[in-house]
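Have a look at the structure below, then the notes.
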Amino acid sequence: MKEPEIGIPILFRCPISLDLFKDPVTLCTGQTYDRSSIEKWLSCGNSTCPVTMQKLHDSTIVPNTTLRHLIDRWLQINCSHGYDLDYFQTVDDSFVVLKHNLQSKESTLEAKVEALEKVLALSKDLPFENCPLIQLDFFQMILELALENADESSNFEGNIMFVEKALVCGLKLLPFSDLGTLNMLKQDESKFTNFLILFKKGSFMIKKSLCHYIVAISSSLQSKELLVMFGKSKILVQELVHLIENKLDGFEESIKALSALSSVEQNREVIAKENAVKVLITYIVNAPKCEYRSLFGLVMAMKTIETLLVVESAKEDVLDHPNGVGEIVKMVFRVSSDNEASESAMNCLIILCQDFMNAREEAICCGILTKLLLLLQSQCSERTKNKARMLLKLLRSMCNGDQK
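Written as structure tokens, this is what we have:
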């Protein structure tokens, strides 16, 4: 068999198949094999390491991510030098070519958009276990490309379609990728700046996708510092509040993103100062009463208000809003099938009634006592009922105190 012009390094070949590793895994003996080759070896009843012939006291196979990244890097270098890709026959050529086309500066924008469409199709059709989309780290590459195309020095308007598709592709791969990759935004100031530019100047589709990335960042302990950076950005917070206030396309995703940012204590002051509480209350007032789609938004808005009430200005915003206390009272039993909404509403009222006599009086005038009694007779959880009893006790003790 004729050797390729650029030979595959021996360390990158599986000792069994002698082909380029596609999914390198390591045995307890320290030897690395391609997953499919070693699984076939073990399924035939063999209980030894093919290279050392040592008895396997543990048949566990562990992914060799270091080697996989080294192979990925080697592929990138050789692709960038224009070498023929035919000799990478053991790696699915379509994935390598796709990655090369997306990264190449010689590829046209149309060719890159077409490549992203193929990635989207492949992400739907292929199983993700051992999928080259993940092995070749398409997620990091696609996210970097999206951010690069947000640079104001580039043809931003002309790149909108590419950025939209790139961010959607990234979201498809995100659940199967390392969330720590998103820390590139923290480590590279230009990438963070470009993220904000996208949120400010991008299309509604781009803004919706970026909201999903913010929510994903909030779910990872590795990215807490990045979430703080986002929360301190007035540009980002103002844009989220603007989308919610005007009920623009993507406002529901914006509520989720704002809630994610509010989960970090350091962010709450900035968010409260941008009138987030007033805007969320107005959203609750105008939300459809019986539309199931709006239920999640109502619950998320109520929980976000509760989170922000640790800030004094947020409390004042509720009291200053013409429907503030009254709307929170309605939420106690408005979404009767959702314990979270009721509990958040009652927590808000406990905070407000403890600190402000006029909040207490307004809550009583708006029928909070009736709402709490109805809640106690409903099929809600015992925890929710305990919260209702706590609020009733608080109101009763304060009423008795006022009468003395």
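Residues 1034 to 1437 (this note's numbering) make up the sequence shown, in order. All residues carry an ideal CB built from backbone N, CA and C; glycine is no exception. Just so you know, these numbers come straight off a predicted model, no measurement behind them.
Determine the burial state of Met1390: buried for a count of at least 16 other Cβ atoms within 10 Å of its Cβ, exposed for fewer. exposed
According to DSSP, Val1318 sits in a beta bridge with which residue or residues? Partner(s): none; Val1318 has no beta bridge.
Could you tell me which of Ala1293, Ser1252 and Gln1255 sits nearest to Leu1269, measuring between CA atoms? Ala1293
Environment of Ala1416 [buried if 16+ CB atoms lie within 10 Å]: A small correction: the amino acid at residue 1416 is Arg; Ala does not occupy that position in the sequence shown. The residue is exposed, with fewer than 16 neighbouring Cβ atoms inside 10 Å.
Classification of Pro1165 by the beta-carbon crowding that lies within 10 angstroms, buried from 16 upward: buried
Within the same chain, show all residues whose beta-carbon is closer than 6 Å to that of Ile1250, passing over the 5 residues directly before and after it, in chain order. Leu1215, Ser1256, Leu1259 and Leu1260
Integer Cβ distance of Leu1100 from Pro1057, believed to fall under 8 Å: 5 Å
Mapping DSSP to helix, strand and coil, what is Pro1057? strand
Taking the alpha helix (DSSP H) that Thr1226 belongs to, which residues open and close that run? Glu1222 to Lys1234
Can you look up Asp1469 in the DSSP assignment and give me helix, strand or coil? As shown, the chain starts at 1034 and ends at 1437. That puts residue 1469 outside it, with no answer to give.
Please classify Ile1247 as buried or exposed, where buried requires at least 16 neighbouring CB atoms within 10 angstroms. buried
Helix, strand or coil: how does DSSP classify Asp1170 here? coil
Are the beta-carbon atoms belonging to Lys1205 and Ser1236 less than 9 Å from one another? no
Just the Cα atoms here: how many angstroms apart are Lys1219 and Phe1225? 7 Å
Residues sharing a beta bridge with Pro1096, DSSP: Val1058
Drop a sphere of 10 angstroms on the beta-carbon of Asp1091, count the other beta-carbons inside from all chains shown, and report buried for 16 or more, exposed for fewer. exposed
Whole-number beta carbon distance between Ile1049 and Ser1070, since they are thought to touch under 8 Å: 4 Å
What is the DSSP secondary structure of Asp1067, counted as helix, strand or coil? strand
Please name the residue or residues paired with Thr1081 in a DSSP beta bridge. Lys1088
Measure the C-alpha to C-alpha separation of Ala1290 and Asn1380 and round it to an integer number of angstroms. 22 Å
Do Leu1382 and Val1017 have their beta-carbon atoms positioned less than 9 Å apart in this structure? With the chain represented from 1034 up to 1437, any question about residue 1017 goes unanswered, as that position is not in the structure.
Quick one: Cα of Cys1418 to Cα of Gly1264, how far? Cys is not the amino acid found at residue 1418; the sequence shown has Lys there. Roughly 34 Å between the two C-alpha positions.
Helix, strand or coil for Pro1042? Go by DSSP, reduced to three states. coil
Suppose you measure from the CA of Glu1162 to the CA of Val1095; what does that come to, to the nearest Å? Residue confidence for Glu1162 is low, a pLDDT of 47 falling below 50, so the modelled location carries little weight; the figure read from the coordinates is stated next. Going from the Cα of Glu1162 to the Cα of Val1095 covers about 14 Å.
Three-state secondary structure (DSSP) at Asp1049? Here the sequence assigns Ile to residue 1049, which means Asp is not the residue at that position. Of the three classes helix, strand and coil, the one that applies to Ile1049 here is coil, per DSSP.
Out of Ser1242, Leu1254, Val1318 and Val1303, which one is the CA nearest neighbour of Glu1278? Val1318
What residue does the alpha helix (DSSP H) around Thr1403 start on, and which one ends it? Ile1401 to Leu1409
Leaving out the 5 sequence neighbours to the left and right, which residues in its chain are closer than 7 Å to Ser1242 when beta-carbon positions are compared? Leu1200, Val1201 and Leu1204
Go ahead and pull the three-state DSSP assignment for Gly1491. Residue coverage of the chain in this structure runs from 1034 to 1437, which leaves residue 1491 outside it and unanswerable.
On the three-state DSSP scale, how would you describe Asp1282? coil
Between Val1344 and Arg1301, is the Cβ-Cβ spacing less than 9 Å? yes
I need the straight-line Cα distance from Val1365 to Ile1338, nearest angstrom please. 14 Å
Could you tell me the distance, in whole angstroms, from the CA atom of Lys1426 to the CA atom of Ala1305? 29 Å
How many Å lie between Ala1320 and Met1423 at the Cα? 28 Å
Proximity winner among Glu1139, Lys1138, Leu1281 and Lys1132, relative to Val1150 (alpha-carbon distances): At residue 1150 the sequence reads Glu, which differs from the Val that was named. Measuring from the Cα of Glu1150, the nearest candidate turns out to be Lys1132.
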